[in-house]
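If you read the sequence shown in the working numbering, its first letter stands for residue 28, the second for the next number, and so on. Yeah, the Cβ is synthetic: ideal placement off N, Cα and C, and Gly gets one too. This report refers to the structure that appears directly beneath it.
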Amino acid sequence: GKIVDATGAVIPGATVEIKNPVTGFQRTATTDDSGAFLFRNVPQNSYHLAVTAHGFEVTQQDVDVRTSVPIELTIAMKIASSNEAVEVRAEAGDLLENDPSAHTDVDSVMTAKIPLESTQSALSQIITYSSPGVVADSNGFFHPLGDHAQTSFSIDSQPISDQQSRVYSNQIPASAIQSMELITGIPPAEYGDKTSLVAVVSTKSGLGQTLPTGSVSASYGSFGTVGSTVNFGIGNSKYGDYFSANGLRTGRFLDPPEFQALHDKGNSESFFDRADYQPSKSDTLHLDLFLARSWFQAPNTFDQTAAGQDQRQQTKTFNIAPGWTHLFSSATLLTASAFIRQDRVQYYSSADLFSDQPETVGQGRRLTNTGFRIDLSHVKGRHNIKAGLQYSHVSLSENFRFGITDPTVNPVCLDSAGNPVLDPTITNPASCASSGFVANPGLKPGLVPFDLTRNGSLLSFKDAGAIDQQAIYVQDTITLGNLTANLGVRGDHYSGLTEKYMAEPRVGLSYRIGASNTVLRAGYARTLETPYNENLLLSSAAGAGGLAANVFGSTNAAPLAPGHRNQFNAGFQQALGRYLVVDADYFWKYTHNAFDFNTLGDTPIAFPIAWRKSKLDGFSVRASLPEIYGFRAYTIMGHTRARYFNPEVGGLFFDTNPPTGVFRIDHDQAFQQTTNLQYRFLRRRDAWAAFTWRYDSGLVNGSVPDFATALTLSPDQQAAIGLFCGSTFATLTSPITSCSDPHRGALRVVIPADGTENDDKNPPRIAPRHLFDVGMGVDNVLHTDRYKMTAKFTVVNVTNKEALYNFLSTFSGTHFVTPRSYTAEVGFTF
């Protein structure tokens with residue numbers, strides 16, 4: 028834009044500031060000799076703009092950034108009539124966004140102070156701690172608004188819908204992220220695939236940074252955790268480059284099945300680089316590069332450690348994404364991007380297969396996603412139009428090995444006392460009677476050929492496949508006074524193991540009531556829900572390796588087909604004065620072909636499956652307090668009912684006792700909330716303190732429906748849930764086999780009273796938990812100007828709460844939360 032006086036003469040040296048009081052995003056620019064100023068890489072949001080210049084009155088106005096088309100402003104300043112100081116401050120209206128879709132804006136200024144674990148999945152933690160309605164799970168996994176993992180990322184316009192948790196991939200480092208928009212409401216038509224949560228990510232850029240900026244930091248913490256980060260950005264008006272390199276080594280890489288980390292070492296390395304080049308005012312080129320590798324041990328239970336189990340995994344990721352923007356005019360912008368991304372996973376069994384208990388597994392899979400996206404944006408009058416197309420080609424390669432190593436897992440015969448018969452020569456249940464035994468009624472006959480304790484051989488599966496997806500979309504955000512309408516339609520074509528075409532209308536409306544500082548909104552979306560790509564071939568196999576013969580005791584082996592969803596949202600945003608804004612949203616989603624994951628026994632190998640339908644509803648709330656004298660805070664909360672309906676209609680399901688009728692899926696949680704408080708003090712040294720309180724009421728846990736079932740668990744499993752009878756607690760050496768004391772239960776799971784369990788109305792759950800994290804630091808230890816020394820100290824799980832994420836879940840296994848852990852970090856910034 029340009030700053031001028033009342034006569035139209037330019038004003039050089041004026042200071043222009045834009046600020047969002049909710050996210051903390053703030054930028055300052057100084058006008059040049061021609062009175063011009065420029066802000067690059069500004070996230071789409073509402074901003075308060077203030078201009079100050081010597082001899083002129085302070086000029087303030089609001090700016091709404093809702094398009095990638097550059098916004099040009101000409102701001103006229105008045106001659107100052109007095110020497111009185113004018114306070115630049117946001118009003119209540121500046122806290123509101125007249126946007127039809129519920130979302131959370133996250134800026135690096137805020138996230139830098141959130142106490143986080145030292146893990147490879149900081150991005151997932153930030154999303155979980157920032158967005159309402161998101162349920163925390165293990166290994167950097169989260170469940171968005173009742174779905175298992177229906178999350179898409181748009182990183183600098185590159186669509187990514189593959190899994191991003193630690194066991195599937197390597198995430199972009201949080202240090203490379205400038206800002207995020209986390210959409211949990213009606214998704215605009217430009218987004219598809221998996222839309223329960225869409226994370227629109229903008230990375231940091233060096234374009235326009237005439238002075239180099241960067242940081243170097245090193246950290247050490249509990250579990251022998253050592254980490255390091257190097258960030259650097261530099262550029263000019265035509266060229267810019269920003270890179271972030273990260274390394275981590277820890278003794279607790281994954282969330283283990285015991286509170287104590289056993290066989291859980293791992294390390295990860297990542298490198299991200301964004302290069303920008305602007306050869307002319309109309310054209311800009313950029314290139315995102317990402318390379319990452321992680322290697323880690325699969326954590327053991329006490330029993331597996333005693334057996335010498337030594338399973339490991341290596342995950343390699345690379346991503347190359349060039350992009351080009353061309354400005355046809357001040358109102359029309361073309362954006363084009365291409366990408367190739369690959370995740371390569373190798374899962375290694377123990378050197379001695381019989382050290383793996385109760386089964387041995389090995390896996391190698393490769394997922395390569397290539398494609399492009401082109402869209403055209405045009406802004407004119409009341410209309411903000413975007414139309415585009417997207418294409419992606421996913422190449423899948425999977426190999427899998429499996430064998431049983433424990434003779435008691437799938438015995439062919441039982442003796443008169445009901446104990447497993449370990450004779451390796453009996454492989455046919457028809458032979459049991461002649462040997463004086465009875466056939467095992469729970470036998471999975473498809474597994475017998477792969478029982479290594481009965482002279483079987485390893486199951487070996489190998490396959491390759493491809494998925495092609497095409498989409499076209501058009502959307503228009505129309506502003507009619509206080510009413511904003513977002514109208515769009517998307518057309519998707521999915522061609523993989525199955526095929527589907529679908530048209531998807533999207534409608535969102537919001538209305539701003541100025542007198543009360545209120546925004547009301549409502550919307551509808553129809554979406555195509557695509558299956559998860561990880562292990563898709565094996566889960567859909569119907570003949571290879573004997574899978575059609577009920578291997579694993581599976582109840583289905585049908586290829587997974589895309590689902591379709593009808594989604595309704597209604598919500599409001601309310602500003603209460605200048606210092607508090609509340610955003611609340613209700614959602615209702617009805618899905619045919621509802622996706623989930625299933626794990627194979629006690630292994631970390633997971634496969635996608637589909638249920639006939641699901642009904643999800645709930646609410647999410649966020650209350651934000653902008654900074655007041657150095658203090659700022661927010662709280663988020665959510666409630667979800669995730670009801671799924673039989674039968675299972677796609678993929679392998681490895682449980683011989685699948686749920687019947689309507690049931691609550693294991694990502695159903697009645698209530699969760701996160702509160703984050705931050706305070707800045709000692710301004711000369713930029714000292715700060717932060718506190719996070721996380722409460723989870725507990726996910727559904729279908730593995731312990733009653734106390735009688737708990738009595739059949741192994742000693743290790745009973746100890747994990749804290750099973751007790753009166754004052755007696757189960758231990759590794761002393762299990763509880765019977766109990767007549769009415770005071771009985773478990774510390775870490777909620778077991779329904781006898782006869783009251785109901786899969787829909789009263790399912791068993793993980794016990795509620797409160798977790799507290801604290802962080803404190805100084806961003807300018809030596810009180811210097813340009814070159815600064817930093818220090819930070821973080822404590823996670825301050826009370827050392829022993830709690831579970833899940834327990835023997837057929838969809839995710841068993842995982843404990845992180846024990847109390849400490850991290851100290853020192854750094855240097857410039």
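Inter-residue CB distance, I793 and G725 (contact presumed, cutoff 8 Å): Within the sequence shown, residue 793 is the residue found at index 766, counting from 1. Within the sequence shown, residue 725 is the residue found at index 698, counting from 1. Yes, they are in contact, since the Cβ atoms of I793 and G725 sit about 4 Å apart, within 8 Å.
Within the stretch 811–843, ranges of the beta strand (DSSP E) (whole runs, at least 3 residues): 815–823, 831–836 and 840–843
Nearest-angstrom Cα separation, counted from D310 out to V69: Here the question's residue 69 lines up with position 42 in the sequence shown. Here the question's residue 310 lines up with position 283 in the sequence shown. Answer to the nearest angstrom: the Cα atoms are 17 Å apart.
Completely contained beta strand (DSSP E) runs for the stretch 499–547, where each covers 3 or more residues: 510–522 and 526–540
Where K788 falls, given that 16 or more other Cβ within 10 Å makes a residue buried: Position 761 of the sequence shown, counted from the start, is the residue given in the question as residue 788. With fewer than 16 other Cβ atoms within 10 Å, it is exposed.
K221, buried or exposed, once every other Cβ within 10 Å from all chains shown has been counted against 16: Here the question's residue 221 lines up with position 194 in the sequence shown. With 16 or more other Cβ atoms within 10 Å, it is buried.
Residue closest to A272, alpha-carbon to alpha-carbon, out of E208, V727 and Q147: As a first step, residue 272 is located in the sequence shown; it is residue number 245 there, counting from the start. Ranking the options by Cα distance to A272, first place goes to Q147.
Three-pair Cβ contact test at 8 Å for the stretch 378–396 versus the stretch 201–212: no
Cutoff 6 Å; reference H619; Cβ partners in own chain excluding five residues on either side: The residue you call residue 619 lines up with position 592 of the sequence shown. Closer than 6 Å at Cβ, skipping near neighbours: G590, H591 and K640.
Continuous beta strand (DSSP E) stretch holding I748: start and end: To locate residue 748, count along the sequence shown from 1; it is residue 721. It is not in any beta strand (DSSP E) - I748 instead sits in the alpha helix (DSSP H) that spans P742 to I748.
Secondary structure of P186, DSSP reduced to three states: Here the question's residue 186 lines up with position 159 in the sequence shown. Strand.
Where A735 sits in the DSSP three-state scheme: Here the question's residue 735 lines up with position 708 in the sequence shown. A735: helix per DSSP, three-state reduction.
Segments of 3+ residues assigned as beta strand (DSSP E) that fall wholly inside the stretch 135–166: 161–163
Endpoints, the beta strand (DSSP E) within which S416 is located: Along the sequence shown, one-based indexing puts residue 416 at 389. Per the sequence shown, residue 416 should be read as Leu rather than Ser. H410 to I431 is the extent of the beta strand (DSSP E) around L416.
CB contact flag (E546, Q594, <8 Å): Position 519 of the sequence shown, counting from 1, holds the residue named residue 546. Position 567 of the sequence shown, counting from 1, holds the residue named residue 594. According to the sequence shown, residue 546 is Val rather than Glu. Against a cut-off of 8 Å, the Cβ pair of Q594 and V546 comes out as no contact.
Span separating the alpha-carbon of Y307 from that of F429: Sequence index remark: in the sequence shown, residue 307 carries index 280 (1-based). Sequence index remark: in the sequence shown, residue 429 carries index 402 (1-based). The question names Tyr, but residue 307 is Ser in the sequence shown. Cα to Cα, S307 sits roughly 58 Å from F429.
Reduced DSSP secondary structure (H/G/I, E/B, other) of T352: Within the sequence shown, residue 352 is the residue found at index 325, counting from 1. In this structure, T352 counts as strand in the three-state DSSP scheme.
Distance CB(H175)-CB(F624) smaller than 8 Å: By one-based count along the sequence shown, residue 175 stands at place 148. By one-based count along the sequence shown, residue 624 stands at place 597. It is a contact, given that the beta carbons lie within the stated cut-off.
Straight-line Cα distance separating H170 from D781: As a first step, residue 781 is located in the sequence shown; it is residue number 754 there, counting from the start. As a first step, residue 170 is located in the sequence shown; it is residue number 143 there, counting from the start. If I take the Cα positions, the gap works out to 30 Å.
Contacting residues, own chain, Cβ-Cβ under 6 Å from T821 (five flanking each side not counted): On the sequence shown, residue 821 is found 794 positions in, with the first residue counted as 1. For T821, where only same-chain residues beyond five positions count, the Cβ hits under 6 Å are P142, G802 and T850.
CA nearest to the CA of G854, picked from D806, A63 and A830: For the purposes of this step, residue 854 is taken as the residue at position 827 of the sequence shown. That would be D806, whose Cα lies nearest to the Cα of G854.
Collapsed DSSP secondary structure at G804 in the structure displayed: The sequence position of residue 804 within the sequence shown is 777, counting from 1. G804 falls in the strand class under three-state DSSP.
Where the beta strand (DSSP E) containing L564 begins and where it ends: In the sequence shown, counting from the first residue as 1, residue 564 sits at position 537. That residue, L564, is in no beta strand (DSSP E); its alpha helix (DSSP H) goes L563 to S567.
Boundaries of the beta strand (DSSP E) in which Q331 is found, first to last residue: Taking the sequence shown and counting its residues from 1, the one referred to as residue 331 is at position 304. Segment F329 to A334 is the alpha helix (DSSP H) holding Q331; no beta strand (DSSP E) there.
Neighbourhood of N294 by C-beta distance below 8 Å, restricted to the same chain and skipping five residues each side: If you number the sequence shown from 1, residue 294 lands on position 267. Once the five neighbours on either side are set aside, the close Cβ partners of N294 are G274, L275, R276, T277, F280, S321, W322 and F323.
Exposure label - F690; buried when at least 16 CB within 10 Å: As a working note, residue 690 is residue 663 in the sequence shown. Buried, by the Cβ-count rule.
Beta-carbon separation (whole angstroms), L234 vs D134, contact threshold 8 Å: Residue 234 sits at position 207 when you count from the first residue of the sequence shown. Residue 134 sits at position 107 when you count from the first residue of the sequence shown. Not quite, the Cβ-Cβ distance comes to about 19 Å (not below 8 Å), so this is no contact.
Per-residue burial, R409 [other beta carbons within 10 Å of its own, 16 or more giving buried]: Residue 409 sits at position 382 when you count from the first residue of the sequence shown. That one is exposed.
Y374 to F634 span [Cα, whole Å]: As a working mapping, residue 374 is identified with position 347 in the sequence shown. As a working mapping, residue 634 is identified with position 607 in the sequence shown. Between Y374 and F634, the C-alpha separation is close to 14 Å.
Buried versus exposed, by CB contacts within 10 Å (16 or more), Y814: Residue numbering aside, residue 814 sits at position 787 when the sequence shown is read from its first letter. Result: exposed.
Buried/exposed call for H797, threshold 16 Cβ in 10 Å: Looking up residue 797 in the sequence shown gives position 770. With fewer than 16 other Cβ atoms within 10 Å, it is exposed.
One or two residues paired with Y722 in a DSSP bridge: One-based indexing of the sequence shown puts residue 722 at position 695. Y722 pairs with Q700 and H797.
Per-residue burial, E425 [other beta carbons within 10 Å of its own, 16 or more giving buried]: Position 398 of the sequence shown, counting from 1, holds the residue named residue 425. Classification for E425: buried.
Whole-angstrom distance between R368 and G62, CA atom to CA atom: On the sequence shown, residue 62 is found 35 positions in, with the first residue counted as 1. On the sequence shown, residue 368 is found 341 positions in, with the first residue counted as 1. About 43 Å.
Which residues DSSP lists as bridging G248, in chain order: Walking along the sequence shown from the start, residue 248 turns up at place 221. Answer is T252 and T850, bridged to G248.
Close-in-space but distant-in-sequence residues of the same chain around D495 (CB under 6 Å, 5 per side omitted): Residue mapping note: residue 495 aligns to position 468 of the sequence shown, counting from 1. So the qualifying residues of the chain are H420 and S522.
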